[in-house]
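*Asks:* Residue numbers (the numbering used here), protein chains in the order written: chain A, 1 to 267; chain B, 268 to 551.
Built from N, CA and C at the ideal position, the CB exists for glycine as well.
All of these numbers come straight from a predicted model, not from anything done at the bench.
I'd like to ask you about the structure that follows.
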Amino acid sequence: MMDSERAIKWFLRGYVVCLFVFVFLPIIASMVFSFNSQRFPTVPLGTFTWHWYETIWQDPDVWDAIKTSIIVSSCTSVLATFIGFCTAYTDYRYSFRFKGAFLALALLPPTIPLIIMALAMLAWFARIGASGEIWSVIIAHTVLTAPFAMAVIRLRLNQIDPNLESAAWNLGASEWTAMREIILPFAKPAIVSALCLTAAVSFDEFAVAWFVSGLNKTVPVIILEIVTGNIDPQVNAIGTFVFITSMTLVIIAQILIMTREKKDAPA
Amino acid sequence: MTIDPKRRFDPYALTWRMPIIVWQVLFFIGPLVFMIAMTFFLVKNYRMHEAFEMKNWIKMLGRGFFWDSYFLTLGLATLSTLCATIIAFPAAYALSFKVSANIRRWAIFFLIIPFFTSYLVRTFSWYVILAESGPINAMLAYIGLGPYTMLNTKFGTMVGYMTLTLPLVVILQTVSLASIDRSLIEAAHNLGCGRVRTVFTVIVPLAKTGLIIAAVFCFILSFGDFVAPYYLGGSKPPTLPIMIIDTTKSGQQWPRAAVVAVMMMVTLFTVAFAAIMVAYRKKT
Numbered sequence: 001m002m003d004s005e006r007a008i009k010w011f012l013r014g015y016v017v018c019l020f021v022f023v024f025l026p027i028i029a030s031m032v033f034s035f036n037s038q039r040f041p042t043v044p045l046g047t048f049t050w051h052w053y054e055t056i057w058q059d060p061d062v063w064d065a066i067k068t069s070i071i072v073s074s075c076t077s078v079l080a081t082f083i084g085f086c087t088a089y090t091d092y093r094y095s096f097r098f099k100g101a102f103l104a105l106a107l108l109p110p111t112i113p114l115i116i117m118a119l120a121m122l123a124w125f126a127r128i129g130a131s132g133e134i135w136s137v138i139i140a141h142t143v144l145t146a147p148f149a150m151a152v153i154r155l156r157l158n159q160i161d162p163n164l165e166s167a168a169w170n171l172g173a174s175e176w177t178a179m180r181e182i183i184l185p186f187a188k189p190a191i192v193s194a195l196c197l198t199a200a201v202s203f204d205e206f207a208v209a210w211f212v213s214g215l216n217k218t219v220p221v222i223i224l225e226i227v228t229g230n231i232d233p234q235v236n237a238i239g240t241f242v243f244i245t246s247m248t249l250v251i252i253a254q255i256l257i258m259t260r261e262k263k264d265a266p267a
Numbered sequence: 268m269t270i271d272p273k274r275r276f277d278p279y280a281l282t283w284r285m286p287i288i289v290w291q292v293l294f295f296i297g298p299l300v301f302m303i304a305m306t307f308f309l310v311k312n313y314r315m316h317e318a319f320e321m322k323n324w325i326k327m328l329g330r331g332f333f334w335d336s337y338f339l340t341l342g343l344a345t346l347s348t349l350c351a352t353i354i355a356f357p358a359a360y361a362l363s364f365k366v367s368a369n370i371r372r373w374a375i376f377f378l379i380i381p382f383f384t385s386y387l388v389r390t391f392s393w394y395v396i397l398a399e400s401g402p403i404n405a406m407l408a409y410i411g412l413g414p415y416t417m418l419n420t421k422f423g424t425m426v427g428y429m430t431l432t433l434p435l436v437v438i439l440q441t442v443s444l445a446s447i448d449r450s451l452i453e454a455a456h457n458l459g460c461g462r463v464r465t466v467f468t469v470i471v472p473l474a475k476t477g478l479i480i481a482a483v484f485c486f487i488l489s490f491g492d493f494v495a496p497y498y499l500g501g502s503k504p505p506t507l508p509i510m511i512i513d514t515t516k517s518g519q520q521w522p523r524a525a526v527v528a529v530m531m532m533v534t535l536f537t538v539a540f541a542a543i544m545v546a547y548r549k550k551t
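See the structure below:
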């Protein structure tokens with residue numbers, strides 16, 4: 001009886017490891033291929049090379065795309081985090097009529113397939129005369145990422161003692177002062193976390209960016225265009241850069257939330 | 268709270284409430300409503316004219332190839348949902364009941380990372396790995412098997428869908444399984460209920476809502492994804508998202524692409540609504 005218990009336990013652990021291998025294999029493989037001399041990678045691997053990095057280093061299109069991506073994702077993260085904070089605070093503090101509809105409006109965008117949003121945004125921006133601009137991508141990405149910022153900050157506000165804010169009011173602080181002195185400092189790690197997370201999502205997003213960016217291509221759009229052409233190991237080199245950037249951002253975002261959770265736990 | 272609810276104009280409250288409303292109405296509701304309106308527009312000489320005609324609807328829905336794509340996409344997304352739910356469940360079960368809370372937290376930590384990490388590059392990586400002359404077939408050749416054609420097949424498409432959806436499905440399933448009251452499971456064991464029977468008669472019903480929500484997200488993601496069926500599945504025949512891209516990018520037929528998009532949204536809302544009804548249905 002005990003033996004079968006242990007066997008099942010180890011089988012299940014092995015299963016989980018296999019699943020993680022499946023999930024991370026493409027990421028690791030892409031990094032390995034980016035240093036591999038073969039045009040069509042296979043085993044045994046070819047020799048080590050910096051060649052693919054050198055070719056993208058010399059490609060002005062890639063540099064333009066990196067510049068565009070950095071502008072888009074930093075502007076998006078600031079806008080989305082601001083809007084997300086406002087929404088999270090409203091949900092935390094107020095109850096009002098149509099709050100359900102308000103929250104639905106705030107949280108719905110990630111449930112609409114990106115390709116549909118891409119088409120809708122493309123047509124809408126063309127209609128209002130804003131197509132193909134760099135800020136049309138920023139506007140679109142803000143819609144897509146604000147819900148993530150809202151969720152992260154809302155979770156943090158859950159942990160605040162609701163009496164803190166009203167205590168400040170009773171001591172004569174205005175609502176604005178209480179916001180600046182109590183809510184904002186408390187929410188700060190979540191705000192930084194939301195900035196990282198929204199930047200990562202924006203940095204990776206390709207469908208909407210592809211449709212609305214026009215000539216201001218972001219990095220994923222460049223990747224999409226290269227991939228559509230042929231197998232080209234340059235993609236692995238750019239991809240490794242994208243992986244490292246977005247993984248760093250997501251890891252920072254997660255650690256910020258996790259460490260604060262532990263600190264705040266009652267001793 | 269000290270705020271008078273009857274106060275009509277509260278600038279402080281409105282400061283926090285208005286940004287999302289204004290932004291979403293202008294750039295989320297606006298585009299979607301315009302896209303629905305666009306399905307009635309006409310295209311003449313590569314230019315779109317505002318009109319109210321049923322032509323696009325008749326043209327798209329009246330053709331066999333639209334319905335071929337529609338049912339193909341529906342079938343693939345359903346298959347993907349089934350695969351993801353079944354593949355994820357043992358892992359979620361293990362992470363919920365067979366490891367410590369600390370390991371569970373780290374597992375979720377590491378599953379969140381790929382969910383936000385370039386799906387496009389990960390798919391391209393599979394394209395190389397699964398290729399006829401790629402590493403997997405090369406390794407199989409050592410033991411005298413293959414080569415197998417894995418690209419441009421349903422199998423390839425599924426690998427892509429799983430890359431997209433598995434991390435999220437495992438996370439959602441784990442969260443819902445881990446929140447089950449352990450004493451109920453122990454009670455089942457004490458009453459002589461076998462392991463497998465406990466899973467299906469106690470654990471699955473208790474975690475039903477979470478499992479269904481995970482499946483719905485999986486369906487939405489797979490149904491709307493164009494990368495897996497295009498690069499790994501060969502796109503013959505195209506799925507609906509690929510059809511949207513082809514119709515939009517070549518030929519300026521935005522209104523017809525909008526018809527496809529609206530059909531997709533109607534389908535997704537129907538599926539999501541039905542699933543949520545089942546998920547929250549009270550046991551009689």
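From the DSSP output, in three-state form, read off A/N36 for me.
*Replies:* Residue state, collapsed to three classes: strand.
*Asks:* Taking 7 Å as the line, does the beta carbon of A/N230 fall inside it for any heavy atom of the ligand ATP?
*Replies:* Of the ligands one can find in the structure shown there are none, so the ligand ATP has no counterpart to examine.
*Asks:* Using a C-beta to C-beta distance shorter than 8 Å, which residues of chain B count as neighbours of A/W176?
*Replies:* Residues of chain B passing the Cβ test: Y279.
*Asks:* For B/Y498, collect the residues of the same chain with a Cβ closer than 6 Å to its Cβ; drop the 5 residues on either side in sequence, then sort them by chain order.
*Replies:* If we look at B/Y498 and ignore the five residues flanking it on each side, its Cβ neighbours are T390, Y394.
*Asks:* Since B/V310 sits in a beta bridge, which residues does DSSP pair it with?
*Replies:* According to DSSP, B/V310 bridges with B/M315.
*Asks:* For the segment 26–46 of chain A, which residues have a CB atom closer than 7 Å to at least one CB atom of chain B, in sequence order?
*Replies:* Listed in sequence order: P26, I27, A29, S30, F33, F40, P41, T42, V43.
*Asks:* Is it a yes or a no for the segment 471–480 of chain B touching the segment 98–107 of chain A, going by three-plus beta-carbon pairs under 8 Å?
*Replies:* No: fewer than three Cβ pairs fall under 8 Å.
*Asks:* What does A/N15 reach in chain B if we use C-beta pairs closer than 8 Å?
*Replies:* Checking the sequence shown, residue 15 of chain A turns out to be Tyr, not Asn. Within 8 Å Cβ-Cβ: P357, A358, A361.
*Asks:* Considering only residues of the segment 432–517 of chain B, which uninterrupted alpha helix (DSSP H) runs meet the minimum length of 4 residues and lie entirely inside it, listed in chain order?
*Replies:* Those alpha helix (DSSP H) runs which fall completely within the segment 432–517 of chain B and span 4+ residues are 449–457, 462–465, 475–490, 507–516.
*Asks:* Which residues in the same chain as A/A237 place their Cβ atom closer than 7 Å to its Cβ, once the five residues preceding and following it in sequence are excluded?
*Replies:* Closer than 7 Å at Cβ, skipping near neighbours: S34, W52, Y53, I56.
*Asks:* In the DSSP assignment, find the unbroken alpha helix (DSSP H) run with A/E165 in it and report its ends.
*Replies:* Note, A/E165: alpha helix (DSSP H), 162–170.
*Asks:* What does A/K9 touch in chain B if you count any residue whose Cβ is under 7 Å from its own?
*Replies:* In chain order: K365.
*Asks:* CB B/A495 to CB B/L433, shorter than 8 Å?
*Replies:* No, the Cβ-Cβ distance between B/A495 and B/L433 is not below 8 Å.
*Asks:* May I have the straight-line CA-CA distance separating A/A130 from A/C75, to the nearest angstrom?
*Replies:* Looking at the two C-alpha atoms, the distance is approximately 17 Å.
*Asks:* Output, in sequence order along the chain, the residues in the segment 303–336 of chain B whose CB is closer than 8 Å to any CB in chain A.
*Replies:* If the cut-off is 8 Å between Cβ atoms, the segment 303–336 of chain B has M305 near chain A.
*Asks:* Using 8 Å as the threshold, is the segment 188–208 of chain A in touch with the segment 111–118 of chain A, meaning 3 or more CB pairs across them?
*Replies:* With the cut-off at 8 Å, the segment 188–208 of chain A and the segment 111–118 of chain A touch.
*Asks:* Could you tell me the alpha carbon to alpha carbon distance between B/S489 and B/M429, rounded to whole angstroms?
*Replies:* Each residue's alpha carbon lies about 9 Å from the other.
*Asks:* Flag this pair as yes or no: are the beta carbons of B/T384 and A/V250 separated by less than 8 Å?
*Replies:* In this structure, A/V250 lies closer than 8 Å to B/T384 by Cβ.
*Asks:* On the DSSP letters alone, give me the boundaries of the alpha helix (DSSP H) that B/M327 sits inside.
*Replies:* Its alpha helix (DSSP H) spans residues 322–328.
*Asks:* Please report how far the alpha carbon of B/T352 lies from the alpha carbon of B/V436, in whole angstroms.
*Replies:* B/T352 and B/V436: Cα-Cα distance of roughly 7 Å.
*Asks:* Within the continuous alpha helix (DSSP H) that includes A/A275, where are the two ends?
*Replies:* Outside the shown range of chain A (1 to 267) lies residue 275 of chain A, about which nothing can therefore be said.
*Asks:* Mind checking A/E165: buried by the 16 CB within 10 Å criterion, or exposed?
*Replies:* Buried.
*Asks:* Go to A/M179, then tell me how far its alpha helix (DSSP H) extends in each direction, as first and last residue.
*Replies:* Unbroken run through A/M179: none, as it is neither H nor E.
*Asks:* Along chain A, which residues have their Cβ under 8 Å away from the Cβ of B/M406?
*Replies:* Those are V43, listed as they occur along chain A.
*Asks:* What would DSSP say about A/F273, mapped onto helix, strand or coil?
*Replies:* With chain A covering 1 to 267 only, the question about residue 273 of chain A has no answer from this structure.
*Asks:* Going by other Cβ atoms of all chains shown within 10 Å of its Cβ, with 16 needed for buried, is A/R156 buried or exposed?
*Replies:* By the 10 Å Cβ count, A/R156 comes out buried.
*Asks:* Does any C-beta atom of chain B lie closer than 8 Å to the C-beta of A/C75?
*Replies:* False, the Cβ-Cβ gap to chain B never drops below 8 Å.
*Asks:* Is A/C18 buried or exposed, if buried means 16 or more other CB atoms sit within 10 Å of its CB?
*Replies:* Under this definition A/C18 is an exposed residue.
*Asks:* Using a cut-off of 9 Å between C-beta atoms, extract the partners of A/R97 located in chain B.
*Replies:* Correct list: empty, because the minimum Cβ distance to chain B is about 10 Å.
*Asks:* Going by beta carbon distance, what residues of the same chain come within less than 6 Å of A/A253, once the five residues before and after it are set aside?
*Replies:* Closer than 6 Å at the Cβ level, and outside the excluded window around A/A253, lie S193, C196, L197.
*Asks:* Can you check which of these residues, B/G461, B/I512, B/T537, is closest to A/E5 by C-alpha distance?
*Replies:* Closest by alpha carbon: B/G461.
*Asks:* Could you give the distance in angstroms between the alpha-carbon of B/T506 and the alpha-carbon of B/A524?
*Replies:* Near 13 Å, if we compare the C-alpha coordinates of B/A524 and B/T506.
*Asks:* Classify A/D161 as buried or exposed, calling it buried when 16 or more other Cβ atoms lie within 10 Å of its own Cβ.
*Replies:* Exposed: under 16 other Cβ atoms inside 10 Å.
*Asks:* For A/L122, I'd like the list of residues in its chain whose CB is within less than 6 Å of its CB, leaving aside the five on either flank, ordered along the chain.
*Replies:* Contacts found: F211, V212.
*Asks:* Does any CB atom of chain A fall closer than 8 Å to the CB of B/V437?
*Replies:* Interface residue, yes.
*Asks:* Quickly, what does DSSP pair B/F364 with across the bridge? List them, please.
*Replies:* Answer by DSSP bridge pairing: none, since B/F364 is not bridged.
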